[in-house]
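Numbering (the numbering used here), first residue to last: 1 to 102.
By construction, the Cβ of each residue, glycine as well, lies at the ideal position given by its N, Cα and C atoms.
Predicted model only: the values in this text are computed from it and were never measured.
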Amino acid sequence: MGTITEELKRLALDYASNMQRGITEIDRKLAQIEQEKLELNAERDKAHAALERAADFPVKGGRDYPCPICWVDGITSFLRPAASDTRKDAFRCPTCHFEDAF
Ligand SMILES: [Zn+2]
Numbered sequence: 001m002g003t004i005t006e007e008l009k010r011l012a013l014d015y016a017s018n019m020q021r022g023i024t025e026i027d028r029k030l031a032q033i034e035q036e037k038l039e040l041n042a043e044r045d046k047a048h049a050a051l052e053r054a055a056d057f058p059v060k061g062g063r064d065y066p067c068p069i070c071w072v073d074g075i076t077s078f079l080r081p082a083a084s085d086t087r088k089d090a091f092r093c094p095t096c097h098f099e100d101a102f
């Protein structure tokens, strides 16, 4: 049996060592938050670039129309005529499978 001060010091060390065990969990959460931040920034940059790409969509050209979805994603893929059951002209993208009729 130690003195009261020795006992109090032991309690302080126990308490501190319990807090220490939380550090690993806190570090893990911080790393996860950093990763999520990186992903959000990348998504944000991609959205900004997409707006610029969309603004540059070629409005005049030949008979081949670029796919608007692929264009924004940075790919030039030309729409192909597709079967249409209306009087509209249907088109389909062979890359992303976007489909619409005009
Ligand atoms: Zn496409």
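Phe91 beta carbon near ligand 1 (any heavy atom closer than 7 Å):
no
Residue(s) in a DSSP beta bridge with Asp85:
DSSP output for Asp85 lists no bridge partner at all.
Which residues DSSP lists as bridging Glu7, in chain order:
None; Glu7 has no bridge partner.
Output the distance between the C-alpha atoms of Cys93 and Arg44, rounded to the nearest integer angstrom.
26 Å
Between which residues of its own chain and Phe57 is the CB-CB distance below 6 Å, once the five residues before and five after are set aside?
Trp71
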